[in-house]
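Beneath this line is the structure, given in structure tokens, with notes to follow.
2 protein chains.
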Amino acid sequence: MNGLLSKVEEVVTAYIAAWNSDNLDAMFRLFAPDAHWVNVVGMHWRGREAVERAHRVFFDLMFKGVDLRLEEIESVIALPGGVAVAVVRFHMESSYLPDGVVRPAGFYRLTLVLVPDGQSLLIAHGSNVGIVEEAQHLDPMLRR
Amino acid sequence: MNGLLSKVEEVVTAYIAAWNSDNLDAMFRLFAPDAHWVNVVGMHWRGREAVERAHRVFFDLMFKGVDLRLEEIESVIALPGGVAVAVVRFHMESSYLPDGVVRPAGFYRLTLVLVPDGQSLLIAHGSNVGIVEEAQHLDPMLRR
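Take a look at the structure:
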């Protein structure tokens, strides 16, 4: 399990480093060919090529130079076949939407599904949820 | 792969039926013991017991009688070890937040990670993203 955690850390660290250096070539070397992605507003991209093309468009539009910061790898669950599911909390700087409106800085919880690839892991799926701060006081599991 | 799809359909159909009949006992028979869940506002519940307790609180507060409708199982990816990742689009009726504010009806994309359990599948992870309708025209993969 510790071996799995360190493999997840490797992928997450490389993902954040690739994001922060606008290096999408490096980012998409971390993805499996049939990877899917659901972004924070619910767009669903199917296959690494589509995920990569969409990310390139959004980097050109709004994400270049916008810093991601890893807060915590909150959970890593080991599944059969060497598959892992991780939930990663991160912070993103404010950015500008394509229409010029500011997207404020905020926290996100990204689910990553990872599959073995030799001694490493590749991203087979991502789903990114924005943490709505003003709703968190309603979390029943934080009140107990 | 068709066998896998029909197993995913079984779980999704049972999940929606359990939701629509407020039958959380049936719903959580669909979950693996170490399942995690990230809800639509970014709450992260760890372990089936926590996911179930949190769902029971929200059913009491706001979800009882609020209908879910399956729109489409948009993708099913087969991973090693018999693991599957599915993206499911569904529609939820409007509901009332605990403070009385209306949560409007809308569409969601739920990622489910499923693990084999005998001849069936169990939910090992869920991550639910609200589809922001007014952002969808920016989806680069819909414009091509």
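Chains as they are written, first to last, in numbering that gives the first Met the number 0: chain A, 0 to 143; chain B, 0 to 143.
All C-beta atoms in this analysis are idealised placements derived from N, C-alpha and C, irrespective of residue type, glycine included.
{"Query": "For Pro139 of chain B, the three-state DSSP class (helix, strand or coil)", "Result": "coil"}
{"Query": "Tyr14 of chain A, buried or exposed, once every other Cβ within 10 Å from all chains shown has been counted against 16", "Result": "buried"}
{"Query": "CB contact flag (Tyr126 of chain B, His35 of chain A, <7 Å)", "Result": "The amino acid at residue 126 of chain B is misidentified as Tyr; the sequence shows Ser. No, they are not a contact pair."}
{"Query": "Cβ of Arg108 of chain A within 7 Å of any chain B Cβ", "Result": "yes"}
{"Query": "Neighbourhood of Arg143 of chain B by C-beta distance below 6 Å, restricted to the same chain and skipping five residues each side", "Result": "Bear in mind that a pLDDT of 47 at Arg143 of chain B, under 50, signals an unreliable position, so the number given afterwards is only what the model happens to contain. Closer than 6 Å at the Cβ level, and outside the excluded window around Arg143 of chain B, lies no residue."}
{"Query": "Runs of alpha helix (DSSP H) lying entirely within the stretch 41 to 87 of chain A, each at least 4 residues, in chain order", "Result": "47 to 57"}
{"Query": "Val11 of chain B beta carbon less than 7 Å from that of Val114 of chain B", "Result": "no"}
{"Query": "Closer than 7 Å to chain B by CB, Ala93 of chain A", "Result": "Here residue 93 of chain A turns out to be Ser, not Ala, going by the sequence shown. Not one chain B Cβ lies under 7 Å of Ser93 of chain A."}
{"Query": "Proximal residues of chain B, C-beta to C-beta of Glu73 of chain A below 9 Å", "Result": "His35, His43 and Arg45"}
{"Query": "Interface partners of Ser126 of chain A on chain B, CB under 7 Å", "Result": "Thr110, Ser126 and Val128"}
{"Query": "Three-pair Cβ contact test at 8 Å for the stretch 21 to 33 of chain B versus the stretch 51 to 71 of chain B", "Result": "yes"}
{"Query": "Opposing strand residues paired with Gly105 of chain B [DSSP bridges]", "Result": "B:Met91"}
{"Query": "Rounded straight-line distance, which links the Cα of Leu69 of chain B to that of Gln135 of chain B", "Result": "20 Å"}
{"Query": "7 Å Cβ cutoff, Gly80 of chain B in contact with chain A", "Result": "yes"}
{"Query": "Helix, strand or coil at Asp116 of chain A according to DSSP, with G and I counted as helix", "Result": "strand"}
{"Query": "For Ser94 of chain B and Val65 of chain B, believed in contact at Cβ under 8 Å, the rounded distance", "Result": "4 Å"}
{"Query": "Option in A:Met61, A:Tyr107, A:Glu92 and A:Gly81 with minimal Cα separation from Gly99 of chain A", "Result": "A:Met61"}
{"Query": "Per-residue burial, Arg28 of chain B [other beta carbons within 10 Å of its own, 16 or more giving buried]", "Result": "exposed"}
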